[in-house]
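Participant:
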Amino acid sequence: MLVIRNDQLRAFQSERQHMLESGLLERFAHDYPDDFASLGKEGAQALAVETLRSATSRHIQTEAAIYNLLRLFIEFGPGLELAPYRRWANDMLDHPTLPGPVKVNLVTKRIFELTQGRRMILHREED
Amino acid sequence: MSTHLVCPICGQEFECKGPHDGPHDVLSPMGKCPLEKGGIHVFVKDNFHNGVPKVKTVCNKTEPVTDRQGFAIFDQLPEATYTTAIDVEGSEDDVSSKYYASTRISVQAAVKPGKITIVEFALNEYGAMLVKLERTDGESELPPAKFTVSSLNHAIMDPTRPAAKGQAEYKQLKPTELYTVACELHEDSRKNFKLEELEKAGQTVTAAKVTPVVFRVTPRYWIELALIYPKNDKLTGSFQLGQQGQEARETDPVGREFLHVPDLQPGTVDVLDVVLPKSLEFESLA
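Top line first, the protein sequences correspond to chains F and V. The first sequence begins at 1164 in this note's numbering and counts up one residue at a time. The second sequence begins at 83 in this note's numbering and counts up one residue at a time.
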């Protein structure tokens, strides 16, 4: 009988986490070169790690859904603070039973439909 | 096979060379679409950063109200600076009676090509105050009174209100202001009741619940004394009074019809001594 010990399972998970992080960073640098440059490698890595942490807590597991979550975080901030309908978006992503890819797709489609690829900037008094 | 499409944002034609056997993403962040138009997203939030619906907003000669999420969206705007404002007073009753603006309500928001400017406005929720009159002895019968609530920066509608069944409610007070609350007993009741405090300054309210402000009133026990002499009914003099082991002298220097002695303990009062005017003493001696 094949037995997989907890230590081995953790090693597999850590390896997968590392691969996901690398993949996210690669796509981040390719698709959002300006944001990647302004954050720097360390900042970008921190955002990728935050995305993975958020994805895990929200039961978002597929690579495509995690990348879409990263896109949301890059464009609207890790708390979606710049997103239209941010409360709805966060509530949707936090939904306990909906499948992860469905949640992310719903949110990205609705938000990107509103922004139509345009970036959000917060008005400040000194602007 | 390629297809010519018209960009819904800039109106330019572009050629799509993607596979057409199913939907594909045309809103790539790497797209080369020259985004000429921008937009303004107005977000109206309350103290808890929740969106406030139905708030009237004004921008670019249109006046939409915020949606259920608290957003009003002004899209397809050319690059310029736009006066963007909210009008709480002009909004529906359930907004104007519940919220007020304590910070800016109008900004000059710049719109840049291909960008959406988020303009946030913050509203505060009104609070309410219940001013009450209570007796210190626990009895229920209350004297007629009126309350006045005032603030330096907030003019209240009908600031002075009669105490109906000993209380008056003030709605639409601002949690960001300090209020002074005063209580005044009716003239006829002041002989029989005494307020522990006439005024309470620095009172605040919260939006979460009605804030009670209580004035305590104590019943007053008193007697009236008179020196009666057939020749002259206005006599000066003094009385030595005793009650529960304590003594006090009450003097009437001007000769009133009755000498009112307030704030006694309930129970009996002993008149221990009466000092007559000098003239009467001479008269009686003579």
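Just so it is clear, CB atoms sit at the ideal spot from N, CA and C, and this is done for glycine as well.
#1: Spell out whether any CB of chain V is found under 9 Å from the CB atom of residue 1280 of chain F.
#2: Assuming residue 177 of chain V is part of the alpha helix (DSSP H), what are its boundary residues?
#3: Answer with buried or exposed for residue 165 of chain V, where buried requires no fewer than 16 other C-beta atoms within 10 angstroms of its C-beta.
#4: Please decide whether residue 187 of chain V counts as near chain F, where near means a Cβ-Cβ distance under 9 Å.
#5: Is the CB of residue 1230 of chain F under 9 Å away from at least one CB in chain V?
#6: Compute the distance between the beta-carbons of residue 136 of chain V and residue 173 of chain V, then report whether it is under 9 Å.
#7: Any idea what DSSP makes of residue 129 of chain V, helix, strand or coil?
#8: Is the segment 288-303 of chain V close to the segment 320-332 of chain V, with three or more CB pairs under 8 Å?
#9: Leaving out the 5 sequence neighbours to the left and right, which residues in its chain are closer than 7 Å to residue 280 of chain V when beta-carbon positions are compared?
#10: List, in chain order, every chain F residue whose beta-carbon is nearer than 7 Å to that of residue 268 of chain V.
#11: Could you tell me which chain V residues have their CB closer than 9 Å to the CB of residue 1221 of chain F, listed as they occur along the chain?
#12: Rounding to the nearest angstrom, what Cα-Cα distance links residue 171 of chain V and residue 178 of chain V in this structure?
#13: Can you give me, in chain order, the residues of the segment 1177-1203 of chain F that have a beta carbon less than 7 Å from any beta carbon in chain V?
#14: Is it buried or exposed for residue 193 of chain V, if we count other Cβ within 10 angstroms and need 16 for buried?
#15: Rounded to whole angstroms, what's the CA-CA distance from residue 1244 of chain F to residue 123 of chain V? Just pull it up for me.
#16: Could you tell me which uninterrupted beta strand (DSSP E) segments, each at least 3 residues in length, are contained entirely in the segment 1223-1254 of chain F, listed from first to last along the chain?
#17: Given this structure, state the Cα-to-Cα distance separating residue 1140 of chain F from residue 1164 of chain F, to the nearest angstrom.
#18: Check whether the Cβ of residue 218 of chain V sits closer than 8 Å to any heavy atom of the ligand MG, and report yes or no.
#19: Looking at C-beta atoms only, is the number of pairs between the segment 197-208 of chain V and the segment 124-132 of chain V that lie closer than 8 Å three or more?
#20: Can you tell me whether residue 234 of chain V is buried or exposed, with buried defined as 16 or more other CB within 10 angstroms of its CB?
#21: How many angstroms separate the CA atom of residue 112 of chain V from the CA atom of residue 1169 of chain F?
#22: Quickly, what does DSSP pair residue 1283 of chain F with across the bridge? List them, please.
#23: Which term fits residue 304 of chain V, buried or exposed, when burial requires 16 or more other beta carbons within 10 angstroms of its beta carbon?
#24: Going by beta carbon distance, what residues of the same chain come within less than 6 Å of residue 230 of chain V, once the five residues before and after it are set aside?
#25: By the criterion of Cβ-Cβ separation under 7 Å, what are the contact partners of residue 1269 of chain F in chain V?
#26: Out of F:1253, F:1229, F:1217 and F:1227, which one is the CA nearest neighbour of residue 151 of chain V?
#27: Kindly indicate which three-state DSSP category residue 253 of chain V falls into: helix, strand or coil?
#28: For residue 167 of chain V, I'd like the list of residues in its chain whose CB is within less than 8 Å of its CB, leaving aside the five on either flank, ordered along the chain.
#29: Terminal residues of the continuous beta strand (DSSP E) containing residue 334 of chain V?
#30: In whole angstroms, what is the alpha-carbon distance linking residue 269 of chain V and residue 175 of chain V?
#31: Chain V beta carbons: is any one of them nearer than 9 Å to that of residue 1286 of chain F?
Facilitator: From the atom records:
#1: Residue mapping note: residue 1280 of chain F aligns to position 117 of the first sequence, counting from 1. Contact with chain V is found for residue 1280 of chain F, since one of that chain's Cβ atoms lies less than 9 Å from the residue's Cβ.
#2: Walking along the second sequence from the start, residue 177 of chain V turns up at place 95. Residue 177 of chain V -> alpha helix (DSSP H) spans 175-178.
#3: For the purposes of this step, residue 165 of chain V is identified with residue 83 of the second sequence, where counting begins at 1. Under this definition residue 165 of chain V is an exposed residue.
#4: Position 105 of the second sequence holds residue 187 of chain V. Nearest CB-CB separation between residue 187 of chain V and chain F: not below the 9 Å threshold.
#5: One-based indexing of the first sequence puts residue 1230 of chain F at position 67. Residue contact with chain V for residue 1230 of chain F: absent (no Cβ-Cβ distance below 9 Å to any residue of chain V).
#6: The residue labelled residue 136 of chain V in the question sits at position 54 within the second sequence. The residue labelled residue 173 of chain V in the question sits at position 91 within the second sequence. Result yes, Cβ atoms of residue 136 of chain V and residue 173 of chain V sit closer than 9 Å.
#7: On the second sequence, residue 129 of chain V is found 47 positions in, with the first residue counted as 1. Reduced to three states, the DSSP call for residue 129 of chain V is coil.
#8: They do not touch, by the three-pair rule.
#9: Stepping through the second sequence from its first residue, residue 280 of chain V is reached at position 198. Cβ neighbours of residue 280 of chain V beyond the five flanking positions: 264 and 265.
#10: Taking the first residue of the second sequence as position 1, residue 268 of chain V is located at position 186. Chain F residues near residue 268 of chain V: none, gap ~52 Å exceeds 7 Å.
#11: To locate residue 1221 of chain F, count along the first sequence from 1; it is residue 58. Using a Cβ-Cβ cut-off of 9 Å, residue 1221 of chain F is close to nothing in chain V; its nearest Cβ partner there is about 20 Å away.
#12: As a first step, residue 171 of chain V is located in the second sequence; it is residue number 89 there, counting from the start. As a first step, residue 178 of chain V is located in the second sequence; it is residue number 96 there, counting from the start. Distance from the CA of residue 171 of chain V to the CA of residue 178 of chain V, rounded to the nearest whole angstrom, comes to 5 Å.
#13: In summary, the residues of the segment 1177-1203 of chain F whose CB is separated from some CB of chain V by less than 7 Å are 1194 and 1195, in the order they occur in the chain.
#14: One-based indexing of the second sequence puts residue 193 of chain V at position 111. By the neighbour-count rule (16 or more Cβ atoms within 10 Å), residue 193 of chain V is buried.
#15: Here residue 1244 of chain F refers to the residue found at position 81 of the first sequence. Here residue 123 of chain V refers to the residue found at position 41 of the second sequence. Going by C-alpha positions, residue 1244 of chain F is about 13 Å away from residue 123 of chain V.
#16: DSSP runs (the beta strand (DSSP E)) wholly in the segment 1223-1254 of chain F: none.
#17: Outside the shown range of chain F, which is 1164 to 1290, sits residue 1140 of chain F, and nothing can be said about it.
#18: You won't find the ligand MG in this model; it holds no ligand whatsoever.
#19: By the criterion of at least three beta-carbon pairs nearer than 8 Å, the segment 197-208 of chain V is in contact with the segment 124-132 of chain V.
#20: Taking the second sequence and counting its residues from 1, one reaches residue 234 of chain V at position 152. With a threshold of 16 other beta carbon atoms within 10 Å, residue 234 of chain V falls short and is exposed.
#21: Sequence index remark: in the second sequence, residue 112 of chain V carries index 30 (1-based). Sequence index remark: in the first sequence, residue 1169 of chain F carries index 6 (1-based). Because residue 112 of chain V sits at a pLDDT of 48, beneath the cut-off of 50, its placement in the model cannot be relied upon, and the following sentence gives the value as read from the coordinates. Residue 112 of chain V and residue 1169 of chain F have their alpha carbons spaced roughly 42 Å apart.
#22: Looking up residue 1283 of chain F in the first sequence gives position 120. Answer is V:198, bridged to residue 1283 of chain F.
#23: Position 222 of the second sequence, counted from the first residue, corresponds to residue 304 of chain V. So residue 304 of chain V counts as exposed.
#24: As a working note, residue 230 of chain V is residue 148 in the second sequence. Closer than 6 Å at Cβ, skipping near neighbours: 241, 242 and 264.
#25: Here residue 1269 of chain F refers to the residue found at position 106 when the first sequence is read from its first residue. Under the 7 Å cutoff, chain V gives no residues; its nearest Cβ is about 15 Å from residue 1269 of chain F.
#26: Position 69 of the second sequence holds residue 151 of chain V. Of the candidates F:1253, F:1229, F:1217 and F:1227, the one whose C-alpha sits nearest the C-alpha of residue 151 of chain V is F:1253.
#27: On the second sequence, position 171 is the one that residue 253 of chain V refers to. Residue 253 of chain V falls in the strand class under three-state DSSP.
#28: One-based indexing of the second sequence puts residue 167 of chain V at position 85. For residue 167 of chain V, where only same-chain residues beyond five positions count, the Cβ hits under 8 Å are 139, 140, 141, 187, 188 and 189.
#29: Position 252 of the second sequence, counted from the first residue, corresponds to residue 334 of chain V. It spans 328-334 - the beta strand (DSSP E) in which residue 334 of chain V sits, taken as one unbroken run.
#30: Taking the second sequence and counting its residues from 1, one reaches residue 269 of chain V at position 187. Taking the second sequence and counting its residues from 1, one reaches residue 175 of chain V at position 93. One C-alpha to the other measures close to 39 Å.
#31: Along the first sequence, one-based indexing puts residue 1286 of chain F at 123. Using a CB distance cut-off of 9 Å, residue 1286 of chain F counts as an interface residue toward chain V.
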